[in-house]
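Below is one structure, written out as structure tokens; the observations come after it.
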Amino acid sequence: MNRFLSLIIILISCDEVQTRSPINKNPMSFIKKSATKNKLRASREQFLMNISAKNDSLNIYKSSPKGFLYSIQNGNKNERLAKKGDFVKIIYAIEDLNNNILYSANEIGNVSFLVDQEDVMPALREGVKYLSEGDSGVFIFPSYLCFGYQGDFEKIGSNQPLRIKINLLTLSKIKK
1497 MNRFLSLIII LISCDEVQTR SPINKNPMSF IKKSATKNKL RASREQFLMN
1547 ISAKNDSLNI YKSSPKGFLY SIQNGNKNER LAKKGDFVKI IYAIEDLNNN
1597 ILYSANEIGN VSFLVDQEDV MPALREGVKY LSEGDSGVFI FPSYLCFGYQ
1647 GDFEKIGSNQ PLRIKINLLT LSKIKK
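Structure (structure tokens):
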């Protein structure tokens, strides 16, 4: 009887094995959702940047092809603008869009670099190209040119557009 019962259990358990197929999600759906999310974030940042520029009665802002706004003071129209390969020395301060100082010029100190040839914040690389020696400017940058989605883990949040005041102290052409 035990053998007969064992045989029946074995036969019942030997049912055909069903293979599990993977759930196919469209791989493009993630990319489309991500692109939509990034477009919404970018338009939100642009909206906030425009409001900040309108609320600043001291400066008249122009729009750059790279997506940031800028206003130049002491614009030496006859002077040469900084360009790739130039050695620049700047001092700058970082503010949020409500003009609250996040990092003062004293905290940061003077910064020197070769334009477009050293690893500095993209906002600084792009901003100095609108300045000549002795100029200062107020720039409103989207987050992707500043600290991006990470922030700086201290005072600057994730995806935070920033107002950066840059003063170009010296500009010199490097001889090759």
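All the letters of the sequence shown, read from the start, carry residue numbers 1497 to 1672 under the working numbering.
Glycine included, each C-beta is placed from N, C-alpha and C at the ideal position.
Point to revise | Residue span of the beta strand (DSSP E) that contains L1565, given as start and end | key: Position 69 of the sequence shown, counted from the first residue, corresponds to residue 1565. Boundaries of the beta strand (DSSP E) around L1565: L1565 to Q1569.
**Study point:** Whole-angstrom distance between F1526 and K1442, CA atom to CA atom
**Key:** Past the boundaries of the shown model lies residue 1442; the chain is included only from 1497 to 1672, so the question cannot be answered.
Exercise for review: Pull up the distance between the alpha-carbon of M1545 and that of Y1566, whole angstroms please.
Suggested key: Along the sequence shown, read from residue 1 onward, the residue named residue 1545 stands at position 49. Along the sequence shown, read from residue 1 onward, the residue named residue 1566 stands at position 70. Going by the C-alpha atoms only, they are around 11 Å apart.
Check your understanding: What residues match up with I1587 in a beta bridge as DSSP calls it?
Key -> Within the sequence shown, numbered from 1, the residue matching residue 1587 stands at position 91. DSSP, once it has assigned bridges, lists N1606 and N1663 as partnering I1587.
Check your understanding: Count the other CB atoms within 10 Å of the CB of Y1645; is the residue buried (16 or more) or exposed (fewer)?
Key -> Translated into the one-based positions of the sequence shown, residue 1645 becomes position 149. Exposed is the call here.
Review point. In this structure, what does DSSP give as the bridge partners for K1558?
Key: Taking the sequence shown and counting its residues from 1, the one referred to as residue 1558 is at position 62. For K1558, the pairing in a beta bridge is given by DSSP as Y1566.
**Study point:** For L1598, the first and last residue of its enclosing beta strand (DSSP E)
**Key:** By 1-based counting over the sequence shown, the position of residue 1598 is 102. Where L1598 is concerned, the enclosing beta strand (DSSP E) stretches over I1597 to Y1599.
Practice item. Please classify R1659: is it buried, with 16 or more other beta-carbons within 10 angstroms of its beta-carbon, or exposed? Key: By 1-based counting over the sequence shown, the position of residue 1659 is 163. Classification for R1659: buried.
Review point. What's the C-alpha gap between V1624 and F1583?
Key: As a first step, residue 1624 is located in the sequence shown; it is residue number 128 there, counting from the start. As a first step, residue 1583 is located in the sequence shown; it is residue number 87 there, counting from the start. The alpha-carbon atoms of V1624 and F1583 are separated by roughly 11 Å.
Review point. Where do the N-terminal and C-terminal ends of the alpha helix (DSSP H) with F1543 fall, by residue?
Key: For the purposes of this step, residue 1543 is taken as the residue at position 47 of the sequence shown. Counting along the chain, the alpha helix (DSSP H) containing F1543 begins and ends at P1523 to N1551.
**Study point:** Buried or exposed by the 16-neighbour rule on C-beta atoms within 10 Å, applied to D1615
**Key:** Your numbering for residue 1615 matches position 119 in the sequence shown. The residue in question, D1615, is exposed, as its Cβ has fewer than 16 Cβ neighbours within 10 Å.
Practice item. Please classify I1670: is it buried, with 16 or more other beta-carbons within 10 angstroms of its beta-carbon, or exposed? Key: Reading the sequence shown from its first residue, position 174 is the one you call residue 1670. By the neighbour-count rule (16 or more Cβ atoms within 10 Å), I1670 is not buried but exposed.
Review point. Residues bridged to S1668 by DSSP?
Key: In the sequence shown, the residue the question calls residue 1668 occupies position 172. Per DSSP, the beta-bridge partners of S1668 are F1583.
Check your understanding: Roughly how many angstroms separate the alpha carbons of K1579 and D1612, rounded to a whole number?
Key -> Taking the sequence shown and counting its residues from 1, the one referred to as residue 1579 is at position 83. Taking the sequence shown and counting its residues from 1, the one referred to as residue 1612 is at position 116. Rounded to whole angstroms, K1579 to D1612 spans 8 Å at the Cα level.
Point to revise | CB of V1634 within 8 Å of CB of K1661, strictly | key: Taking the sequence shown and counting its residues from 1, the one referred to as residue 1634 is at position 138. Taking the sequence shown and counting its residues from 1, the one referred to as residue 1661 is at position 165. The Cβ atoms of V1634 and K1661 lie closer than 8 Å to each other.
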